[in-house]
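In the working numbering, the protein residues as written are 1123 to 1189.
1) Of all the options 1161, 1170, 1169 and 1150, which has the alpha carbon lying nearest to the alpha carbon of residue 1139?
2) Let's see if you can read the secondary structure: which residues bound the beta strand (DSSP E) around residue 1159?
3) Taking only three categories from DSSP, how would you classify residue 1151?
4) What is the rounded straight-line gap between the Cα of residue 1170 and the Cα of residue 1135?
5) Can you give me the C-alpha to C-alpha distance between residue 1163 and residue 1143, rounded to a whole angstrom?
6) Would you please verify whether the beta carbon of residue 1181 is less than 8 Å from any beta carbon of chain C?
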């Protein structure tokens, strides 16, 4: 699953997003890219819970289609 998070713009943002995703899905692997402002999550995942957790942390994720 891959998200665009336009308001992720610093290391603190990355840490906050990683923290809430891992709290929601502890076995997931997460990769954040500040340059493209994307978050990619691999492993078991519940899309709705992850989106809700990221929003609760103050960010607005939008799902990207993988090609």
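Cβ atoms here follow ideal geometry from the backbone N, Cα and C, with glycine treated the same way.
Based on what the coordinates show:
1) 1161
2) No beta strand (DSSP E) contains residue 1159, which DSSP labels as neither H nor E.
3) In this structure, residue 1151 counts as strand in the three-state DSSP scheme.
4) 20 Å
5) Rounded to whole angstroms, the gap between the alpha carbons of residue 1163 and residue 1143 is 9 Å.
6) In the structure shown, chain C cannot be found, because there is only a single protein chain.
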